[in-house]
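Number of protein chains: 2
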Amino acid sequence: MPENQQDPLKEIMKKAGIKNTKHRNLIFDLLQNAEEPLTAEEIFISLKDKSSSICLSTVYRTLEKLMSGNLLLKTNISDDGKARYELNHDQHKHYLICMKCNKRISIADCPMKEFEKALKDQANFDVIQHKLEIYGYCQDCKTSPQLKR
Amino acid sequence: MPENQQDPLKEIMKKAGIKNTKHRNLIFDLLQNAEEPLTAEEIFISLKDKSSSICLSTVYRTLEKLMSGNLLLKTNISDDGKARYELNHDQHKHYLICMKCNKRISIADCPMKEFEKALKDQANFDVIQHKLEIYGYCQDCKTSPQLKR
DNA sequence: GTCGTTGCAAATTCTTTGCACCTGA
DNA sequence: TCAGGTGCAAAGAATTTGCAACGAC
C-alpha cells in the first residue's frame, strides 16, 4: 500500500545526485525509527555499535546531504546548543516538552493550519514552514513543578 | 501609567539577589529597545562602542543571569548556531521570517491561545511557554522565491 | 569588608573543512 | 573509471570557566 513510501530514500537520493551508501542508509533508518529528533552525536554513538567504523564528520556530512534533499528537518529549538534532526514527514508534528522530566510528547495536531491563511490575507506572507515547540508540565510532573535550570 | 513597568529590572534583580551593574543595565536597555532578538555577539559589539570595556563572557554571563530571573527568553530556532535573546515581554510575539531576504516581521497574533486549552484537556499537559517561528516569503520576495541555502 | 561581578585567557563543546584514500554506479 | 563519499586530524565558531582584580551594597 505505501508504494511510493516504500523506498523514498534511494529514489530521492538518485534524483538529487546523492550516492547511496551504507552509512547514509543506516542514518536514514535510524531517523526513520526514532521517536524524537536526534542529535548528530546520538546518531554517531548509535551507529558505532552497528557499523564498525564511522566518524562524526560523516554523520554531519550525511545529515547535511539529506537536508539538501529536503529529507530532513533541523531543529535547534531546545536551547542546549545541539541541533536535532528528524525526518521531514509530510504530516508534521510538534512536541510537548516537559520542563521537569524533559520528556517529549509528540502531537499530531497543529494550530498553524488556520493561522497560515490569516497570515496570507493579513500580512501578505506566504508560509512555507514553521517551527513550534511547546513547554510545560506533563501529567506526571504537573503536581510538583520545578524548573531544571 | 506603566508604574510597575517603570523599572522592573532593579526590582526583580534585587529579588533574585542579582547585583545591579552598569553592564547589566546597558544590556537590558539594549534588549528593551531592540526590534528583534539579539545574539550575544551583537550585544557585545553594540556595547563596545558605548562602554569602554566589556568582554564577551560578561555578555554571556549577564544574559544567563537575566534568564535565571526570567527577564529574558532565549531562542535558538534560526538554525545558524547562534542563540538569540529577547525580553520576556508579557505580551509575547512571533516572527515571520522571509526565506529569501531574511527579514523578520513581528506579529502580535498567536495561534496558541486556543490551542493551549485543547492541550490541557486532551493531553493533560499544562503549557507554560512555547516557541514558534514561521518561515516563508514576504510580500516583496514572494514573486521570485529562491532559497538561500 | 564581603561577596558577587568582570576581564582576560584558556578550555569546552558543537560543527566544519582539508586531504588522501576508498567506493558505488 | 572516477566523481563523490569517508576517516582522520585539525580548524573554526559559539559558549563556558578559572582566576585574580574590581565594584556594589
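Sequences listed follow chains F and A, in order.
Residue 70 in the numbering used here is what sits at position 70 of the first sequence, and the numbering runs on without skipping anything.
Residue 43 in the numbering used here is what sits at position 43 of the second sequence, and the numbering runs on without skipping anything.
All C-beta atoms, glycine included, are put in the ideal place defined by N, C-alpha and C.
Inset, instruction - Please report how far the alpha carbon of asparagine 20(A) lies from the alpha carbon of lysine 48(F), in whole angstroms. - result: The count along the second sequence starts at 1 and reaches residue 20(A) at position 20. The count along the first sequence starts at 1 and reaches residue 48(F) at position 48. One C-alpha to the other measures close to 49 Å.
Inset, instruction - Take leucine 119(A) as the anchor and find which of Ile105(F), Glu41(F), Lys113(F) and Cys101(F) has the nearest alpha-carbon. - result: As a position in the second sequence, residue 119(A) is number 119, starting the count at 1. Considering only Ile105(F), Glu41(F), Lys113(F) and Cys101(F), the residue with the shortest C-alpha distance to leucine 119(A) is Ile105(F).
Legend entry - Contact the stretch 119-136 of chain A vs the stretch 128-135 of chain F: 3+ CB pairs below 8 Å: Yes, the stretch 119-136 of chain A touches the stretch 128-135 of chain F.
Legend entry - Chain-order list of residues whose beta-carbon lies under 6 Å from that of glutamine 6(F) (same chain, five-residue window excluded): Numbered from its first residue, the first sequence carries residue 6(F) at position 6. Residue placement at glutamine 6(F) is poorly supported in this model, since its pLDDT is 47, which falls under 50; the coordinates are not used for a value here.
Inset, instruction - Buried or exposed for asparagine 76(F), please, with buried defined as at least 16 other CB atoms from any protein chain shown within 10 angstroms of its CB. - result: Here residue 76(F) refers to the residue found at position 76 when the first sequence is read from its first residue. Buried, by the Cβ-count rule.
Inset, instruction - Output yes if chain A places a C-beta closer than 7 Å to the C-beta of glycine 136(F); else output no. - result: The residue you call residue 136(F) lines up with position 136 of the first sequence. At least one chain A Cβ lies under 7 Å of glycine 136(F).
Legend entry - Local conformation of glutamine 129(A) per DSSP, three classes: Within the second sequence, numbered from 1, the residue matching residue 129(A) stands at position 129. Strand, per DSSP.
Inset, instruction - Would you verify that the beta carbon of histidine 89(A) is, or is not, closer than 7 Å to some beta carbon of chain F? - result: For the purposes of this step, residue 89(A) is identified with residue 89 of the second sequence, where counting begins at 1. Chain F contact via Cβ: absent.
Inset, instruction - Would you mind working out which of Leu132(F), Ile97(F), Ala34(F) and Lys100(F) sits nearest lysine 113(F), comparing C-alpha positions? - result: Looking up residue 113(F) in the first sequence gives position 113. For the residues Leu132(F), Ile97(F), Ala34(F) and Lys100(F), the minimum Cα distance to lysine 113(F) belongs to Leu132(F).
Legend entry - Buried versus exposed call for arginine 24(A) [16 or more other C-beta atoms within 10 Å across all chains shown]: By 1-based counting over the second sequence, the position of residue 24(A) is 24. The residue is buried, with at least 16 neighbouring Cβ atoms inside 10 Å.
Inset, instruction - Look at the Cβ atom of leucine 218(A), then the Cβ atom of serine 46(A), and state whether they are nearer than 7 Å. - result: Residue 218(A) cannot be examined here, being either before or after the span of chain A that is shown, 1 to 149.
Inset, instruction - Check the DSSP bridge columns for isoleucine 134(A) and list the partner residues they point to. - result: As a working mapping, residue 134(A) is identified with position 134 in the second sequence. Residue pairing from DSSP places isoleucine 134(A) in a beta bridge opposite His130(F) and Leu96(A).
Inset, instruction - Please name the residue, chosen from Val59(F), Tyr85(F), Lys10(F) and Ser57(F), that lies closest to asparagine 33(F) on a Cα-to-Cα basis. - result: The count along the first sequence starts at 1 and reaches residue 33(F) at position 33. Of the listed residues, the one whose Cα sits closest to asparagine 33(F) is Tyr85(F).
Legend entry - Nearest-angstrom Cα separation, counted from aspartate 80(F) out to glutamate 42(A): As a first step, residue 42(A) must be located in the second sequence, where it is residue number 42. As a first step, residue 80(F) must be located in the first sequence, where it is residue number 80. If I take the Cα positions, the gap works out to 20 Å.
Inset, instruction - Sort Phe115(F), Ala40(F), Asp109(F) and Cys110(F) by Cα distance to aspartate 109(A) and report the nearest one. - result: Taking the first residue of the second sequence as 1, we reach residue 109(A) at position 109. Considering only alpha carbons, the answer is Phe115(F).
Inset, instruction - Run down chain A in chain order and give the residues with a C-beta less than 8 Å from the C-beta of isoleucine 18(F). - result: Numbered from 1 along the first sequence, position 18 holds the residue referred to as residue 18(F). Chain A residues near isoleucine 18(F): none, gap ~16 Å exceeds 8 Å.
Inset, instruction - Look at the alpha carbon of serine 68(F) and the alpha carbon of lysine 10(A), and state the distance between them as a whole number of angstroms. - result: Counting from one through the first sequence, the residue named residue 68(F) turns up at place 68. Counting from one through the second sequence, the residue named residue 10(A) turns up at place 10. Taking the straight line from one Cα to the other gives about 47 Å.
Inset, instruction - Output, in sequence order along the chain, the residues in the stretch 124-135 of chain F whose CB is closer than 7 Å to any CB in chain A. - result: Within the stretch 124-135 of chain F, Asn124, Phe125, Asp126, Val127, Ile128, Gln129, His130, Lys131, Leu132, Glu133, Ile134 and Tyr135 place their CB atoms closer than 7 Å to a CB of chain A, listed in sequence order.
Legend entry - Nearest-angstrom Cα separation, counted from isoleucine 27(F) out to tyrosine 60(F): The sequence position of residue 60(F) within the first sequence is 60, counting from 1. The sequence position of residue 27(F) within the first sequence is 27, counting from 1. In a straight line, the C-alpha of tyrosine 60(F) is about 10 Å away from that of isoleucine 27(F).
Legend entry - Assigned exposure category for histidine 94(A) - 16 Cβ within 10 Å defines buried: Counting from one through the second sequence, the residue named residue 94(A) turns up at place 94. With 16 or more Cβ atoms within 10 Å of its Cβ, histidine 94(A) is classed as buried.
Inset, instruction - Run down chain F in chain order and give the residues with a C-beta less than 7 Å from the C-beta of isoleucine 107(A). - result: Here residue 107(A) refers to the residue found at position 107 when the second sequence is read from its first residue. Annotation: Cβ neighbours of isoleucine 107(A) in chain F (cutoff 7 Å, chain order): Ala123.
Inset, instruction - To the nearest angstrom, report how far apart serine 53(A) and threonine 62(A) are at their CA atoms. - result: In the second sequence, residue 53(A) corresponds to position 53, counting from 1. In the second sequence, residue 62(A) corresponds to position 62, counting from 1. CA-to-CA, the gap between serine 53(A) and threonine 62(A) works out to about 15 Å.
Legend entry - Alpha-carbon spacing of glutamine 146(F) relative to lysine 103(F), whole angstroms: As a first step, residue 146(F) must be located in the first sequence, where it is residue number 146. As a first step, residue 103(F) must be located in the first sequence, where it is residue number 103. Low confidence applies to glutamine 146(F): its pLDDT is 47, below 50, so where it sits in the model is not reliable enough to give any reading.
Inset, instruction - Give every residue of the same chain whose Cβ lies closer than 7 Å to the Cβ of isoleucine 12(F), excluding the five residues on either side of it in the sequence, and list them in chain order. - result: Numbered from its first residue, the first sequence carries residue 12(F) at position 12. Listed in chain order, the non-local C-beta contacts of isoleucine 12(F) below 7 Å within the same chain comprise Gly69 and Leu71, local neighbours out to five positions each way being set aside.
Inset, instruction - Along the alpha helix (DSSP H) that carries lysine 22(F), what are the first and last residues, could you check? - result: As a first step, residue 22(F) is located in the first sequence; it is residue number 22 there, counting from the start. Per DSSP, lysine 22(F) is one residue of the alpha helix (DSSP H) stretching across 22-33.
Inset, instruction - Whole angstroms is fine: what's the gap from threonine 39(F)'s alpha carbon to alanine 123(A)'s? - result: One-based indexing of the first sequence puts residue 39(F) at position 39. One-based indexing of the second sequence puts residue 123(A) at position 123. Spanning the two alpha carbons is a distance of roughly 26 Å.
Inset, instruction - Can you say whether leucine 56(F) is buried or exposed, counting buried as having 16 or more other CB atoms within 10 angstroms of its CB? - result: The count along the first sequence starts at 1 and reaches residue 56(F) at position 56. A residue is called buried once 16 or more other Cβ atoms fall within 10 Å of its Cβ, and leucine 56(F), having fewer, is exposed.
Legend entry - Proximal residues of chain A, C-beta to C-beta of leucine 96(F) below 9 Å: Numbered from its first residue, the first sequence carries residue 96(F) at position 96. Under the 9 Å cutoff, chain A gives Leu119, Ala123, Phe125 and Val127.
Inset, instruction - Under 6 Å Cβ to Cβ from lysine 82(F), same chain only, skipping five residues before and after it: list those, please. - result: Position 82 of the first sequence, counted from the first residue, corresponds to residue 82(F). Closer than 6 Å at the Cβ level, and outside the excluded window around lysine 82(F), lie Thr39.
Inset, instruction - Step through the CB atoms of chain F and report whether any lies within less than 7 Å of the CB of phenylalanine 44(A). - result: Walking along the second sequence from the start, residue 44(A) turns up at place 44. Answer no: the Cβ-Cβ gap between phenylalanine 44(A) and chain F never drops below 7 Å.
Inset, instruction - Compare the C-beta of methionine 13(A) against all C-beta atoms of chain F and say whether one is closer than 7 Å. - result: Within the second sequence, numbered from 1, the residue matching residue 13(A) stands at position 13. Not one chain F Cβ lies under 7 Å of methionine 13(A).
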